[in-house]
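A.B. asks: Line by line, the protein sequences give chains A and B.
Numbering that gives the first Met the number 0 numbers the first residue of the first sequence as 0 and each following residue consecutively.
Numbering that gives the first Met the number 0 numbers the first residue of the second sequence as 0 and each following residue consecutively.
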Amino acid sequence: MQEELFTSGRNIPNIDPSLQIWHWPISVYLFLGGLAAGLLFFAALITVLKKDKEYPAAVKFASIVSPIALTLGLLALFYDLTHKLYFWRLYTTIRIESPMSWGAWVLLIITPISFLWVFSYYTELFPKWKLKFNFLNTFEKFLQENRMNMAIALIPLSIVLGIYTGILLSAFNARPLWNNAILGPLFLTSGLSTGAATIILLAKNAKERHLFSKIDLALIVIELGLIIHMLMGMYAGSEVQLEAMQLLVGGEFTLMFFGFVIILGLIVPAILELTELIGYKVPVAVPAILILIGGLVFRFVMVEAGQITRYLY
Amino acid sequence: MRYAMVIDTLKCVGCSDCVVACQTENNVPIGYCRDWITETVNGAYPSIELELKSERCNHCDNAPCVRCCPTGASHQLDNGIVLVTADECIGCGACIESCPYDARYQHPDGYVDKCTFCHHRLEKGQLPACVSVCPTKCMYFGDLDDPNSEVSQLLKNRKHKTLAPEAGTKPQVYYLI
Ligand code: SF4
Ligand code: SF4
């Protein structure tokens with residue numbers, strides 16, 4: 000019998016165990032990026048479908064959240080860089096093979112658009128605070144006229160942003176937990192779902208709330224399906240993938256993953272939303288907040304657990 | 000030109016001379032290393048085998064650290080050596096996450112650092128510091144594109160392996176077993 004008894008691994012005081020290169024800001028950033036992607040996607044979609052008068056929360060109120068989320072996300076990302084003064088190097092090149100590179104470029108385009116989008120609703124959002132300068136009013140008008148163009152640009156951009164938060168991780172073949180193709184669609188679905196939850200939170204009329212509850216329900220079902228796919232894929236995978244899966248199923252992240260992400264973050268809100276749609280009184284904030292927390296915990300679990308999974312030592 | 004390193008695990012005694020030589024040659028800050036020694040015990044008692052070896056960046060042919068670097072700071076030379084340009088590196092850590100061998104670390108100054116195959120010494124016609132200092136002469140360095148080079152010959156005649164080939168990076172540090 001050939002059996003490996005032990006490998007001493009390394010013993011480099013400042014590097015080992017260097018399991019966590021990425022800290023909480025990365026998880027927060029992935030969550031906020033996904034959330035902004037979801038919000039911008041729905042705002043753009045509703046505008047393109049010319050339903051913006053019927054669904055004001057999606058196009059107007061919730062869209063205030065996206066530039067804030069993107070700004071905080073970018074700050075978190077910046078905070079986790081260790082060679083900060085050189086961050087501009089990101090924008091001296093485009094590297095197609097590096098998801099982080101094209102993610103950085105998408106963020107550079109989508110963040111200003113998210114601000115412009117909110118500004119195009121300035122008068123409606125803040126009727127009490129008149130714009131002091133005339134050129135600002137002219138600019139707002141110009142943006143209103145171009146809202147449709149912004150929406151058309153935002154649909155692909157927000158999808159890329161949402162998928163990118165997952166592909167960023169799945170491109171790392173050295174981390175078996177991340178290295179599966181489903182992570183992109185999974186993070187996109189989760190981002191859309193947190194976006195829908197935010198719209199539900201901010202929606203004032205029942206019609207809008209119900210539409211987004213239905214959308215959210217569908218997204219939750221897809222997300223659960225994708226998670227099952229991911230686990231099955233790893234279960235049938237190589238030894239390192241199996242070990243990665245065991246961190247989530249039976250290992251140290253089981254409670255976080257099943258308790259907070261799957262049960263409290265997906266199944267319970269789905270049941271609550273369903274109950275509300277059938278006609279029972281449920282405070283809608285509850286499922287929405289659970290989904291948001293579940294989405295955040297999901298990013299933490301994936302980022303932290305992924306960094307533990309490896310090939311050697 | 001394809002630089003590669005061949006390390007004889009049967010000769011290595013795990014003295015860590017290569018580690019210290021690298022730290023001295025490359026001014027590696029205290030508490031960090033670009034190369035390191037591992038001990039592996041294989042087999043079932045009583046027939047067990049101890050393997051000692053010196054490990055470092057494998058200067059992979061299919062280097063994920065180069066691919067995922069958003070700025071191009073991590074790059075590969077025509078001779079196969081993978082390098083990091085410190086003042087292009089933003090310290091995002093993507094390359095560290097992408098390396099199956101944990102061969103990279105964040106330098107206290109912020110940028111990412113790792114083995115360079117002593118690129119600066121090769122330019123002067125010298126061998127990498129670790130190779131030249133090894134008291135058991137268990138390390139060999141050379142050009143794999145040259146079929147007559149010492150490394151090519153060793154790989155032709157001796158049983159060898161690479162680390163975690165299943166990670167798919169085509170590592171170029173070979174271990175004689
Ligand atoms: S060993 Fe790691 S750092 Fe070195 S080339 Fe391969 S992937 Fe890159
Ligand atoms: S840490 Fe530096 S070398 Fe590594 S991927 Fe980021 S920018 Fe490139």
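Positions of the beta carbon are idealized from the N, C-alpha and C atoms, including for glycine.
I'd like the list of long-range same chain contacts for A:Ile45, defined as Cβ closer than 6 Å, with 5 residues on each side in sequence excluded.
C.D. replies: By 1-based counting over the first sequence, the position of residue 45 of chain A is 46. Hits under 6 Å: Asp51, Tyr54, Ala57, Val58.
A.B. asks: Examine chain A for any beta-carbon lying closer than 8 Å to the beta-carbon of B:Ala166, and answer yes or no.
C.D. replies: As a first step, residue 166 of chain B is located in the second sequence; it is residue number 167 there, counting from the start. Closer than 8 Å to some Cβ of chain A, the Cβ of B:Ala166 qualifies, so yes.
A.B. asks: Could you work out which residues of chain E lie near B:Ile95, taking near to mean beta carbons separated by less than 7 Å?
C.D. replies: This model lacks chain E altogether; the protein chains it does include are A and B.
A.B. asks: At the level of alpha carbons, what is the spacing between A:Lys316 and A:Leu223?
C.D. replies: The question about residue 316 of chain A has no answer, for chain A in this structure spans 0 to 312.
A.B. asks: Would you mind telling me which residues of chain A sit closer than 8 Å to B:Pro99, beta carbon to beta carbon, in chain order?
C.D. replies: Taking the second sequence and counting its residues from 1, one reaches residue 99 of chain B at position 100. Ordered by position in chain A, the residues that pass the 8 Å Cβ test against B:Pro99 are Asn172, Ala173, Arg309, Tyr310, Leu311.
A.B. asks: Can you name the residues that DSSP bridges to B:His159?
C.D. replies: Walking along the second sequence from the start, residue 159 of chain B turns up at place 160. DSSP output for B:His159 lists B:Leu175 as bridge partner(s).
A.B. asks: What I want to know is whether the C-beta of A:Ser189 ends up closer than 7 Å to one or more non-hydrogen atoms of ligand 2.
C.D. replies: As a working mapping, residue 189 of chain A is identified with position 190 in the first sequence. A:Ser189: no, Cβ never under 7 Å from ligand 2.
A.B. asks: Rounded to a whole number of angstroms, what is the C-alpha to C-alpha distance between B:Gly13 and A:Asn10?
C.D. replies: For this step, residue 13 of chain B is matched to residue 14 along the second sequence. For this step, residue 10 of chain A is matched to residue 11 along the first sequence. Near 13 Å, if we compare the C-alpha coordinates of A:Asn10 and B:Gly13.
A.B. asks: With a cut-off of 8 Å on the beta carbons, I'd call B:Gly79 and B:Gln152 a contact; round off their distance for me.
C.D. replies: If you number the second sequence from 1, residue 79 of chain B lands on position 80. If you number the second sequence from 1, residue 152 of chain B lands on position 153. In fact, because the Cβ distance is near 18 Å, the residues do not count as touching under 8 Å.
A.B. asks: Could you please go through the chain and list the residues whose beta-carbon is closer than 6 Å to any non-hydrogen atom of ligand 1?
C.D. replies: Those residues are B:Cys56, B:Asn57, B:His58, B:Cys59, B:Ala62, B:Pro63, B:Cys64, B:Val81, B:Cys98, B:Tyr100, B:Ala102, B:Arg103, B:Lys113, B:Thr168, given in chain order.
A.B. asks: Report the option in B:Pro107, B:Val40, B:Cys137 whose CA atom is closest to the CA atom of B:Lys10.
C.D. replies: Numbered from its first residue, the second sequence carries residue 10 of chain B at position 11. Cα-wise, what sits closest to B:Lys10 is B:Cys137.
A.B. asks: Report the three-state DSSP secondary structure of B:Gln105 (helix, strand or coil).
C.D. replies: By 1-based counting over the second sequence, the position of residue 105 of chain B is 106. Strand at B:Gln105.
A.B. asks: Along chain A, which residues have their Cβ under 7 Å away from the Cβ of B:Pro146?
C.D. replies: Position 147 of the second sequence, counted from the first residue, corresponds to residue 146 of chain B. Those within 7 Å of B:Pro146 in chain A number zero; the least Cβ separation is about 31 Å.
A.B. asks: Helix, strand or coil for B:Leu82 per DSSP?
C.D. replies: By 1-based counting over the second sequence, the position of residue 82 of chain B is 83. Of the three classes helix, strand and coil, the one that applies to B:Leu82 here is strand, per DSSP.
A.B. asks: Can you check which of these residues, A:Glu275, A:Asp215, A:Gly190, is closest to A:Tyr28 by C-alpha distance?
C.D. replies: In the first sequence, the residue the question calls residue 28 of chain A occupies position 29. Checked all of A:Glu275, A:Asp215, A:Gly190; the closest Cα to A:Tyr28 is A:Gly190.
A.B. asks: Under 8 Å, Cβ to Cβ, is there at least one residue of chain B near A:Ala243?
C.D. replies: The residue given as residue 243 of chain A occupies position 244 in the first sequence. It does not: the Cβ of A:Ala243 has no partner Cβ on chain B nearer than 8 Å.
A.B. asks: Would the beta-carbon of A:Phe41 fall within 8 Å of that of A:Ile266?
C.D. replies: Here residue 41 of chain A refers to the residue found at position 42 when the first sequence is read from its first residue. Here residue 266 of chain A refers to the residue found at position 267 when the first sequence is read from its first residue. It is not a contact, given that the beta carbons lie outside the stated cut-off.
A.B. asks: Rounded to whole angstroms, what is the Cα-Cα separation between A:Val296 and B:Val132?
C.D. replies: Here residue 296 of chain A is taken as the residue at index 297 of the first sequence, counted from 1. Here residue 132 of chain B is taken as the residue at index 133 of the second sequence, counted from 1. Distance between the alpha carbons of A:Val296 and B:Val132: 50 Å.
A.B. asks: Just checking, does the region 138-145 of chain A make contact with the region 154-161 of chain A on the three C-beta pairs under 8 Å criterion?
C.D. replies: In short, these stretches do not touch, since the Cβ pair count stays below three.
A.B. asks: Any beta carbon of chain A sitting closer than 8 Å to that of B:Asp60?
C.D. replies: For this step, residue 60 of chain B is matched to residue 61 along the second sequence. By this cut-off, B:Asp60 is not an interface position.
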